[in-house]
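Structure first, commentary second.
Number of protein chains: 2
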Amino acid sequence: MPLTDDQLTAIAARVPTPFFAYDQQGLRDRFHSLKRHLPEGADVYYSLKSNPCKAVVATLAAQGAGCEVCSRAELETAVTAGGNRRRIIFVGPAKSAADIGRAMDLGIKAIIAESLDELRLIAEIASARNIVQPVGLRINPEFRSAAVRIKMTGIASQFGIDEAELRPALDFAASDPHVVPVGIHVYLGSRILDEEAIFDNTRNILGLADRVAAHLGRPLSFVDVGGGFGLAYFDKERDLDPDVLGRGLADAVAGFRRKHRRTRVVIELGRYLVAEAGVMVASVRYVKHSKGRRFAICDGGSNIFAAAAGYGSAFRKNWRLRRIGTAPSQEVVPHMLTGPLCTPSDTIGDQVPLPALAAGDRICFERAGAYGPSASPTGFLSFGHPAEVMVTDQGPVLVRHADPVDREIPQQTWEPLMAQQPEKDPAHA
Amino acid sequence: MPLTDDQLTAIAARVPTPFFAYDQQGLRDRFHSLKRHLPEGADVYYSLKSNPCKAVVATLAAQGAGCEVCSRAELETAVTAGGNRRRIIFVGPAKSAADIGRAMDLGIKAIIAESLDELRLIAEIASARNIVQPVGLRINPEFRSAAVRIKMTGIASQFGIDEAELRPALDFAASDPHVVPVGIHVYLGSRILDEEAIFDNTRNILGLADRVAAHLGRPLSFVDVGGGFGLAYFDKERDLDPDVLGRGLADAVAGFRRKHRRTRVVIELGRYLVAEAGVMVASVRYVKHSKGRRFAICDGGSNIFAAAAGYGSAFRKNWRLRRIGTAPSQEVVPHMLTGPLCTPSDTIGDQVPLPALAAGDRICFERAGAYGPSASPTGFLSFGHPAEVMVTDQGPVLVRHADPVDREIPQQTWEPLMAQQPEKDPAHA
């Protein structure tokens, strides 16, 4: 349920633009619609990287979503947002010993080891604590995926353990007294809009899980088949069909589950869960003409929503956006939409047909709930992180203030480093 | 004077990686070396966008650099860092009325208007305060520049007033009782490494200034000729020669200054002043092999230094970097260097020849003083802004703590928006 112009206008009367707003019921509906279509035995985990706003995480966790976290800060966010610790997995290629120790303190479902060295480090830390730590192994499989926008397997990668190198890792995990292998994790890529690709991936990963379980001689507790479900951002893209998706996944999962009744299939999703329920709202500060083009300069741009400027894509495409409210005229003209930065790359709309904009008009960037400020250079030109609003059943609430920007230490209190205690990380102490 | 391995090792014993460190004397030396080569009548302004760290700004301001700011936060930074208000100019295409009012409160050298509409808004606000506001006009000239990496003029642009549309803006500025046109501003582009291109640009802009002064019938107080001086980041690039630069600029400026004795030439520089004195230091967390490649996974990557991952460039190239300290072996092997993010784009070194790295080794990214954390998605995966250290005459001091990351409002105190007073911006109230 995307937020309406009336809702956004009411918020904009209270919160200076630019801001992000999320529809809480929309988040819940999206989660439950997906869950309804998924087969028995499949769990949905929310990838915090797509939007770490605690209000978003709390909303999904309250519906029963697990949490996939990739940093200590995301781990803390998941816990303070009310995430069930038994449904938190900790992925990421650069975990420190302190990160691992904290995950053990919290008693999460599993730490996902991305290498044999990390597995050894986990075992060493668990040994020092005299515990048995549940671990998952992230695997870089031999098979590749078609129809994936960002390919992450089948090539040399910092992520996971090459399938060809898997045996020593499995043998270590099976024989070390302080770790127990409870699952595997494979992530094939992002922004997949082809249902068949998802089914292929899932079948391939479940086949791998079957071989891993056979090698270990014990059932896995879970198989994380990644996710990467996309949604349509641009022209000529179409959303995944939830009925088709549900039926195909049921087929793919059924055979595996007949043999592995107690193994849950984890689907981790970020963008798919949160993109649609969020918007970015910016105001037009000036309208001007240059060499025959009409520019609308906005108070927020690539500094808070880099995706709209095409960062991370080979070619930028125009984001879905609209002018908020009834336009004085129905006639549309092409607009260059730009943000507040002093760089030509801060173009967030290239000749977008819109009713003739004027200073003060507000623009809504749709499907902006994922990879917004957290994936953007919010400190550029010191504009800072924008405010975030959650539209709850009780109305809109401010869940994050816009940054005050200045986080530096006043010169009077600069800290001479020789007086400082080092913050030791036991990983490399 | 780049920071030495010994200096960085001493800092790393006190400050957890990743961090940025700046050499204060290096910043001073760089500024004075440039000043010595510049002709009489030329002033150097520091572009805060390249690095808004207050300690960096304060260092340059104390040497006499002016400040070029592009947001209200940068304006506040310049002032609290001790910048002389009479040497601050305020550029930027999206200034709000509140921004403009604040600049008037502070009594800065000039507000640079980027459009006729902005000029009118400035006049309106000045009229309400019954003051006469010094303004500069940013111009998008007809001439283009060769040898510029990011071209910003001669094409349709959100920046400045098209030269063809200049006359009404000049006439407005000359005739309105509440603004006085004191300068012009032209910015031709970034990362220029060709001295001749700089001289051409300077001559072209000074020619334009001459025509503007003639049209106004009064002398300008300053001509901001932009800057965009580059420095060599990559193989096959060479640094600008300061002697050649100084002589050529003296030639370009001399003719203009003979006719316009009281007009100062402002050169605004960011990268050129601060890049060399700064480094980014990260630690290797894990070393692993995948499909025949050796990966060193670091605790900082594109999340804090996006430039090293090629963000903003069409093709990424390997940044200048080194292993800190004496390597156990002189033999070098190619390494993939990656950061802590869960995306393959977090590659910060592609087959870089280095002594065989091990977990705990530290890597120094050189010439990293410009467009570091402020131009990077520091909130990605919630890793946050890294610590910053200034190496002063009294030793290294911590000038910014690493981010605590969590800036959200606890759920118990979420603020219902209906109870909030809107923060009104008089621009669009």
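Going line by line, the protein sequences match chains A and B.
Under our numbering, the first residue of the first sequence is numbered 1, with each subsequent residue one higher.
Under our numbering, the first residue of the second sequence is numbered 430, with each subsequent residue one higher.
Don't be surprised by glycine CBs; every beta carbon is placed ideally from N, CA and C.
- In the DSSP annotation of this structure, K288 of chain A is not part of any alpha helix (DSSP H); the continuous beta strand (DSSP E) holding it starts and ends at 278 to 290.
- Interface criterion met: the Cβ of C499 of chain B is under 9 Å from a Cβ in chain A.
- Nearest C-alpha to P815 of chain B among B:A441, B:L437, B:P447: B:P447.
- Contact annotation: in the segment 512 to 538 of chain B, residues whose CB is within less than 9 Å of a CB in chain A are V520, G521, P522, A523, K524, S525.
- Contact holds between the segment 698 to 714 of chain B and the segment 471 to 485 of chain B, because three or more Cβ pairs, one in each stretch, are under 8 Å apart.
- Of all residues in the segment 722 to 742 of chain B, the ones placed with a Cβ closer than 8 Å to any Cβ belonging to chain A are R722, F724, I726, C727, D728, A735, Y740, G741, in chain order.
- Below the 8 Å Cβ cutoff, chain B contributes A585, Q587 as neighbours of M336 of chain A, in chain order.
- Unbroken beta strand (DSSP E) stretches of 3 residues or longer found wholly inside the segment 748 to 777 of chain B: 750 to 752, 761 to 767, given in chain order.
- With the criterion set as a beta carbon lying under 8 Å from some beta carbon of chain B, the segment 247 to 269 of chain A has no members that meet it.
- Residue-level contact check: Y272 of chain A does not touch chain B, since none of the beta carbons of chain B fall below 9 Å from its beta carbon.
- Scanning B:A526, B:I541, B:E543 for the CA closest to the CA of S556 of chain B turns up B:A526.
- For a Cβ distance threshold of 8 Å, residue set P806, G808, F809 of chain B lies close to A375 of chain A, ordered along the chain.
- In this structure the segment 315 to 325 of chain A does not touch the segment 613 to 621 of chain B; the number of beta carbon pairs closer than 8 Å is below three.
- In the DSSP assignment, S175 of chain A falls within the alpha helix (DSSP H) that extends over 166 to 175.
- At a C-beta separation below 7 Å, I440 of chain B has these neighbours in chain A: L417.
- For G565 of chain B, the closest of B:D728, B:G655, B:P806, B:A626 by C-alpha to C-alpha distance is B:G655.
- Take G82 of chain A, set aside five residues on each side of it, and the residues of its chain with a beta-carbon closer than 6 Å to its own are A58, A61, in chain order.
- Counting along the chain, the unbroken alpha helix (DSSP H) around A552 of chain B starts and ends at 545 to 558.
- Look at T433 of chain B: its C-beta is not under 9 Å from any C-beta on chain A.
- By the beta-carbon neighbour count (other beta carbons within 10 angstroms, threshold 16), K95 of chain A is buried.
- Between Y475 of chain B and E817 of chain B, the gap from beta carbon to beta carbon reaches 9 Å or more.
- Of all residues in the segment 813 to 827 of chain B, only G813, H814, E817, V818, M819, T821, Q823, G824, P825, V826, L827 place a beta-carbon less than 9 Å from a beta-carbon of chain A.
- One alpha carbon belongs to L660 of chain B, the other to A65 of chain A, and they sit about 49 Å apart.
- Taking a C-beta cut-off of 9 Å against chain B, the contacting residues of the segment 339 to 352 of chain A are G339, P340, L341, C342, T343, P344, S345, D346, T347, listed in chain order.
- Around the beta carbon of R261 of chain A, fewer than 16 other beta carbons lie within 10 angstroms, which makes this residue exposed.
- Here Y272 of chain A carries a helix assignment [DSSP, helix/strand/coil].
- For the set B:L783, B:D434, B:P445, the Cα lying nearest the Cα of V761 of chain B is the one of B:L783.
- The C-beta of R620 of chain B comes no closer than 9 Å to any C-beta of chain A.
- Neighbours of Y286 of chain A in chain B, taken as residues at a C-beta separation under 9 Å, are given in chain order as P522, A523, K524, E543, S544, D546, E547, L550, Q587.
- Taking 8 Å as the Cβ-Cβ cut-off, the segment 13 to 25 of chain A approaches chain B at A13, R14, V15, P16, given in chain order.
- Rounded to whole angstroms, G160 of chain A and F519 of chain B show a C-alpha spacing of 48 Å.
- For G808 of chain B, the secondary structure class from DSSP, reduced to helix, strand or coil, is coil.
- For V508 of chain B, the CB contacts under 8 Å within the same chain, skipping 5 residues up- and downstream, are R514, I517, L535 in chain order.
- At least one beta carbon of chain B lies nearer than 9 Å to the beta carbon of K291 of chain A.
- I198 of chain A places its beta carbon 9 Å or farther from that of A42 of chain A.
- A502 of chain B counts as buried, since at least 16 other C-beta atoms from the protein chains shown sit within 10 angstroms of its C-beta.
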